[in-house]
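A short write-up of the structure that comes next.
Numbering (my numbering), first residue to last: 1 to 314.
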C-alpha cells in the first residue's frame, strides 16, 4: 500500500443504505470502506459480498470481525469468497471484541484474549496466505487446506501496547479505534515496531487509526453527536484504560471532557476536518479510518459532504 490511505467506516441502519453509501464512496473515489460487526447486527462480510459486485475500485475491510463467536474456518470460508469477488480489494480485520459483549451477549467465556487472538490469527494466515493449515495450540487444533488462497492481508484490533506488539509480530498490521493521535505516535507505533522486530518474514506491519468525523458548520451539533457516539467507548474497560494511558483519566469514570472529545472526533468545516485528518496522518499512520458521523435533517447530504472531502485527501 503506497502512501497514507484515508478510508471511511459506514454505520447505516439498513443493508440497503450501507450499500448505497459504499457505492457513492466508490463513485467519488474514496480509497476504502470499512464495516464493523457487533452483536446480532448485519454481518459485515456478507454485506461486503454484495458490495463487491456493485463497486469497482474501493477497498473493503472489516474492523473488526469478533473472533470468539466464530470458528476461524467460518471466517476463512467467507474471506475466500470475498477474495474471489473483489480480488486485491478485501482486507480482513479480526479481534477479540470486549468482555461485556462476548460474555454478556454471547455467553462465551472471555478467557486469555491475546492468546486466543494469536492462535486465531496464525490459523487465518496459514489458510489465507499459504493454503495448508496444520495447527495444534492451546485453544485450537485444526487441519485443512485452502485451494488457491487469496493472499489477502490480515489485521488485528489493538488498543494498548501489548496488542500492538502482538499485531506487529503476527499480522499485517494493527487497527485501532477512537484512539488519540498522540497515543498512536508515542505508544502504538513503537510497540508495533517492537513486535515486528520479532518476525522473520520481513513484512512491515501497518498502523491503521480511526476517528469519527463530519463536515459541518454546526459546532454544537458536532460536539453533541461526538459525545453520543463516544460515551459508549468510555464505559468499556479496555477503552477506559487506553484513554487513561493517553492522558484522559476521566474515562475511568465513564466520561470524556469536551476537549478530549475534540481530540478523537473531527468536526467543523472542510478546512478544520482536513487539519484533524492530517494530524492523525502525521502521527505515523499508514491509513486512517474515518467513521461517518452525519448530523442535521438531511443525513444523505451530510454524508455526501464528508465523502467529498475524503475523496480529495491526502
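Where a beta carbon is used, it is the ideal one built from N, C-alpha and C, also for glycine.
Every value quoted in this text rests on a predicted model; they were computed, and no experiment measured them.
Under 8 angstroms between the Cβ atoms of residue i and residue j?
i, j, result
"residue 225", "residue 302", "no"
"residue 115", "residue 109", "no"
"residue 155", "residue 175", "yes"
"residue 65", "residue 47", "no"
"residue 90", "residue 152", "yes"
"residue 132", "residue 83", "no"
"residue 208", "residue 173", "yes"
"residue 60", "residue 33", "yes"
"residue 280", "residue 292", "no"
"residue 229", "residue 248", "no"
"residue 144", "residue 158", "no"
"residue 218", "residue 276", "no"
"residue 28", "residue 271", "no"
"residue 49", "residue 85", "yes"
"residue 256", "residue 184", "no"
Could you spell out where the alpha helix (DSSP H) holding residue i opens and where it closes?
i, result
"residue 101", "99 to 104"
"residue 161", "161 to 170"
"residue 300", "299 to 311"
"residue 243", "237 to 245"
"residue 223", "219 to 234"
"residue 82", "72 to 85"
Decide if residue i is buried, meaning its Cβ has at least 16 other Cβ atoms within 10 Å, or exposed.
i, result
"residue 182", "exposed"
"residue 214", "buried"
"residue 253", "exposed"
"residue 274", "buried"
"residue 306", "buried"
"residue 98", "buried"
"residue 210", "buried"
"residue 163", "buried"
"residue 160", "buried"
"residue 197", "exposed"
"residue 39", "exposed"
"residue 112", "exposed"
"residue 146", "buried"
"residue 53", "exposed"
"residue 237", "exposed"
Is residue i helix, strand or coil when you go by DSSP?
i, result
"residue 62", "strand"
"residue 90", "strand"
"residue 143", "strand"
"residue 110", "coil"
"residue 10", "coil"
"residue 53", "coil"
"residue 208", "strand"
"residue 295", "coil"
"residue 258", "helix"
"residue 18", "helix"
"residue 314", "coil"
"residue 173", "strand"
"residue 31", "coil"
"residue 276", "helix"
"residue 319", "There is simply no residue 319 to check, as the chain begins at 1 and stops at 314 in what is shown."
"residue 47", "helix"
Can you check which of these residues, the options, is closest to residue i by C-alpha distance?
i, options, result
"residue 55", "67, 88, 107 and 218", "88"
"residue 26", "36, 6, 43 and 204", "6"
"residue 105", "68, 75 and 133", "68"
"residue 45", "76, 299 and 57", "76"
"residue 62", "73, 53, 42 and 199", "42"
"residue 188", "236, 243, 140 and 256", "243"
"residue 71", "180, 205, 121 and 250", "121"
"residue 304", "135, 100, 177 and 30", "30"
"residue 222", "264, 286 and 167", "264"
"residue 12", "180, 234 and 294", "294"
"residue 239", "258, 220, 286 and 180", "180"
Is there at least one non-hydrogen atom of the ligand FAD closer than 7 angstroms to the beta-carbon of residue i?
i, result
"residue 26", "This structure does not include the ligand FAD; it has no bound ligands of any sort."
Looking at the secondary structure, which residues open and close the beta strand (DSSP E) in which residue i lies?
i, result
"residue 291", "287 to 292"
"residue 283", "No beta strand (DSSP E) contains residue 283, which DSSP labels as neither H nor E."
"residue 190", "Counting along the chain, residue 190 falls outside any beta strand (DSSP E), though it belongs to the alpha helix (DSSP H) covering 189 to 196."
"residue 155", "154 to 157"
"residue 177", "Segment: none, residue 177 is in no beta strand (DSSP E) and carries neither H nor E."
"residue 268", "265 to 268"
"residue 136", "132 to 136"
So with Cβ pairs under 8 angstroms, would you call residue i a contact of chain D?
i, result
"residue 61", "The question asks about chain D, but that chain is absent: this structure has only one protein chain."
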